[in-house]
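Novice: Chains as they are written, first to last, in the numbering used here: chain A, 244 to 304; chain B, 244 to 304; chain C, 244 to 304; chain D, 244 to 304; chain E, 244 to 304; chain F, 244 to 304.
Structural data, given as structure tokens:
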């Protein structure tokens with residue numbers, strides 16, 4: 244039943260997202276001894292003005 | 244004080260969202276013996292390339 | 244594929260959680276024209292010292 | 244390592260987001276005796292049809 | 244209506260959480276020109292074996 | 244800057260969590276062409292009475 248939520252900068256290709264879903268599902272199921280069928284992946288894309296690190300907006304890095 | 248967060252495929256109508264907010268708030272308050280006033284609902288819409296199930300991207304289903 | 248995440252005060256009974264999962268799944272599927280099979284519900288319980296409203300800690304209300 | 248996630252109505256300026264990231268990071272680090280370097284802030288913007296309070300859609304308030 | 248969710252290492256005092264809720268609410272309302280009444284803060288505490296940075300478990304740092 | 248949040252049933256070993264953090268960080272960084280240094284992983288453990296699938300509580304499966 245693992246649910247994986249990824250928040251990342253927008254702009255990745257469909258191919259990257261397809262591989263991300265495939266690989267994270269496979270590896271998580273393998274490590275946790277869970278079924279791949281039960282793994283759900285959700286991707287939240289945020290623009291550079293919507294995240295910050297160490298107090299600095301992504302846009303300003 | 245319950246906060247309900249729903250992640251779902253984009254494309255639902257305003258009317259569906261209005262009913263979702265109304266019904267989930269009412270039912271959650273009823274079941275938990277909480278006040279409707281304190282229930283917050285947040286909806287996160289994701290495109291078909293931003294979620295996956297069982298290792299397969301929504302776009303490919 | 245809706246994923247519903249509920250953050251609420253701890254201390255509810257198993258029976259309340261069972262009904263919450265059942266009813267929110269049924270109503271969400273009905274309103275969104277989705278399959279109940281695809282609805283996932285996750286409950287996060289927080290103690291009164293781990294949430295606040297209007298700047299006041301739950302513990303102090 | 245605190246991760247701060249803010250869900251808010253869309254439409255704020257870049258300047259507001261820049262200050263939000265700067266101030267929340269600084270205050271969180273100060274209060275928790277943590278390093279600013281380790282604080283991550285993520286902003287999720289939702290439209291008025293994607294949130295509700297007390298059972299009422301933001302759009303209808 | 245901002246909802247602020249903080250995930251942090253467990254072990255902080257009630258006093259720290261009280262100040263965190265108070266200050267983050269006040270500053271967020273001020274910067275966003277929102278009412279303090281509408282700000283909700285949720286704190287999720289995780290143990291050192293439940294988070295990682297740069298591929299290393301918190302427990303091993 | 245990817246932030247990965249995993250909600251899963253409680254009861255996994257530290258060794259499983261260590262490998263989960265290591266592998267998900269490595270694979271995510273590789274697929275997204277991001278630095279491993281910027282990847283944060285957060286694990287939320289929930290008991291069987293705190294999640295449901297298809298309307299059924301985990302405890303009842």
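Using N, Cα and C, we set each Cβ at its ideal position, and we do this for glycine too.
According to DSSP, is residue 242(C) part of a helix, a strand, or is it coil?
Specialist: In this structure chain C extends from 244 to 304, so residue 242(C) is not present and cannot be described.
Novice: Counting only Cβ pairs nearer than 7 Å, list the residues of chain D close to residue 259(E).
Specialist: The contacting residues are 274 and 275.
Novice: In the DSSP assignment, find the beta strand (DSSP E) that holds residue 248(F) and state where it starts and stops.
Specialist: 246-252
Novice: Under three-state DSSP, which class holds residue 296(B)?
Specialist: Strand at residue 296(B).
Novice: Are residue 268(B) and residue 298(D) touching if we call contact CB-CB under 7 Å?
Specialist: yes
Novice: If we count the other Cβ atoms within 10 Å of its Cβ and call it buried at 16 or more, is residue 305(D) buried or exposed?
Specialist: Because chain D here runs from 244 to 304, residue 305(D) falls outside it and cannot be looked at.
Novice: Which whole-angstrom value is the C-beta distance of residue 247(A) and residue 282(A), which I expect to be below 8 Å?
Specialist: 7 Å
Novice: Cutting at 8 Å between CB atoms, please list the residues of its own chain near residue 251(B), excluding the five before and the five after it.
Specialist: 286, 287, 288 and 289
Novice: Starting from residue 261(C), follow the alpha helix (DSSP H) in both directions and report where the run begins and ends.
Specialist: 257-275
Novice: By alpha-carbon positions, which one of 253(F), 255(F) and 260(F) ends up nearest to residue 284(F)?
Specialist: 260(F)
Novice: Taking a contact to mean a Cβ-Cβ separation below 7 Å, would you say residue 262(E) touches residue 257(F) in this structure?
Specialist: no
Novice: Check each candidate in 296(C), 255(C) and 253(C) and name the one with the smallest Cα separation from residue 278(E).
Specialist: Nearest of 296(C), 255(C) and 253(C) to residue 278(E), Cα basis: 296(C).
Novice: To the nearest angstrom, how far is it from the Cα of residue 254(C) to the Cα of residue 270(B)?
Specialist: 18 Å
Novice: Using a Cβ cut-off of 8 Å, pull out every chain C residue sitting near residue 301(B), in sequence order please.
Specialist: 244
Novice: Against residue 271(F), what residues of chain A qualify as contacts under a CB-to-CB distance less than 9 Å, listed in chain order?
Specialist: Going along chain A in sequence order, the residues near residue 271(F) (Cβ under 9 Å) are 249, 251, 263, 266 and 267.
Novice: With 7 Å as the threshold, decide whether the Cβ of residue 298(B) is near any Cβ in chain A.
Specialist: yes
Novice: Whose C-beta lies closer than 7 Å to the C-beta of residue 275(E) among residues of the same chain, with five residues either side of it excluded?
Specialist: In chain order, 245 place their CB closer than 7 Å to the CB of residue 275(E), counting only its own chain and leaving out the 5 sequence neighbours on each side.
Novice: Look at the alpha carbon of residue 266(B) and the alpha carbon of residue 272(F), and state the distance between them as a whole number of angstroms.
Specialist: 40 Å
Novice: Take residue 311(F) and list the residues in its own chain whose beta-carbon comes closer than 7 Å to its own, dropping the five residues that flank it on each side.
Specialist: Outside the displayed range of chain F (244 to 304) lies residue 311(F), so it cannot be described from this structure.
Novice: Examine chain A for any beta-carbon lying closer than 7 Å to the beta-carbon of residue 255(D), and answer yes or no.
Specialist: Judged by the 7 Å Cβ criterion, residue 255(D) is not in contact with chain A.
Novice: Can you find a C-beta in chain C that's less than 7 Å from the C-beta of residue 279(E)?
Specialist: yes
Novice: How would you list, in chain order, the residues of chain A whose beta-carbon sits under 7 Å from the beta-carbon of residue 310(B)?
Specialist: With chain B represented from 244 up to 304, any question about residue 310(B) goes unanswered, as that position is not in the structure.
Novice: Could you tell me which chain E residues have their CB closer than 7 Å to the CB of residue 284(F), listed as they occur along the chain?
Specialist: 294 and 295
Novice: Could you tell me the alpha carbon to alpha carbon distance between residue 280(A) and residue 280(E), rounded to whole angstroms?
Specialist: 42 Å
Novice: Go through its chain and collect everything with a Cβ distance to residue 264(C)'s Cβ below 6 Å, but skip five positions before and after it.
Specialist: Once the five neighbours on either side are set aside, the close Cβ partners of residue 264(C) are 284.
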